[in-house]
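Q: Handing you this structure, nothing more for now.
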Amino acid sequence: MSVRWEAAGASDTGRVRTANEDAFLIDEERGVFLVADGMGGHAAGEVASALATAVIGGTMVAGVDARLEPADLHEALRASFRAAHEAILGHQLEDPATVGMGTTMTCLVVQPDGTFRLGHIGDSRMYLLRDGLLTQVSRDHTWVQREVDAGRLTALGARRHRLAHVLTRALGADSADEPDVVSGKLLAGDLVLLATDGLTGMLTDRVIAALLEAGASLEQVAEALLDAANRRGGRDNITAVVVRILEGDETATA
Ligand code: CA
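Mapping to this note's numbering: the sequence shown position 151 is 151, numbers consecutive.
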């Protein structure tokens, strides 16, 4: 059973920040999608998220073009995170004003057989909406998530915590930071959302699920998500990439 997909994405500065340090990539043809949330003063966050997008997105697009075997694609994803980390550190050496910059990265690679690989570091998220049920596929690399895992904090407490934004892993930070690389299977009818915390910090999972299920075009869904986050305050840059998995056209001839 093969699948195909369609995708749309949008990014907005929000209502408080003056610059947008988020980045996203949609390569519909190759099935490569990502969001990144840069951080660092003097516009350095923009540099970090753009660098990571170019290195990781570029590596995965090349990997798909080279028709890498699944295990090699997996390793290419992991290696691309290391390369992005090195690129960010290298840039900091050249331009001391950018020292301390870093970025999150949530990169999804979908293949025509429906299998996917996700490379993830930081607190941007991948969600899956299947049969009306929204699940968070990625795991936040945050201090509050660690407290939730340890049973010292509830999910609601984590959302409202003053340290909710503190990351335990990021690209450009500690060199020991490894990404999570996971694989799974997507089915026709699935809806995938990649989003930065400017979206997920403003909207509960319930609101996100309702907006994803609205049945509108993916462009309208992405815009509706951004509008809703802005209406609730828009305290940070907001980015959403939405991917709809469809039944493959078995009879198509290339
Ligand atoms: Ca953010």
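Ideal placement from N, C-alpha and C gives every residue a C-beta, glycine not left out.
Because the structure is a prediction, the values reported are computed rather than measured.
(1) Exposed or buried, which one is R244 when buried takes at least 16 other CB atoms within 10 Å?
(2) Which class does G63 belong to by DSSP, given the choice of helix, strand or coil?
(3) Listed in chain order, which residues are found with a beta carbon closer than 6 Å to a heavy atom of ligand 1?
(4) Say whether the segment 101–119 touches the segment 186–201, bearing in mind that this needs 3 or more beta-carbon pairs closer than 8 Å, one atom from each stretch.
(5) Where does T13 sit, in a helix, a strand or coil, going by DSSP?
(6) Can the beta-carbon of L186 be found closer than 7 Å to that of F81?
(7) Can you look up V35 in the DSSP assignment and give me helix, strand or coil?
(8) Since D25 and G45 are thought to touch, with beta carbons under 8 Å apart, how far apart are those beta carbons, to the nearest angstrom?
(9) What are the complete alpha helix (DSSP H) segments, minimum 4 residues, inside the segment 181–207?
(10) If I follow the unbroken beta strand (DSSP E) through H85, where does it start and stop?
(11) So is D37 buried or exposed if we call it buried at 16+ other beta carbons inside 10 Å?
(12) Would DSSP call D27 helix, strand or coil?
(13) Does the Cβ-Cβ distance between L218 and A240 come in under 7 Å?
A: The short version:
(1) buried
(2) helix
(3) D37, T196, D197, G198, D236, N237
(4) yes
(5) coil
(6) no
(7) strand
(8) Note that residue 25 is Leu in the sequence shown here, rather than Asp. Not quite, the Cβ-Cβ distance comes to about 17 Å (not below 8 Å), so this is no contact.
(9) 197–200
(10) Counting along the chain, H85 falls outside any beta strand (DSSP E), though it belongs to the alpha helix (DSSP H) covering 70–94.
(11) buried
(12) strand
(13) no
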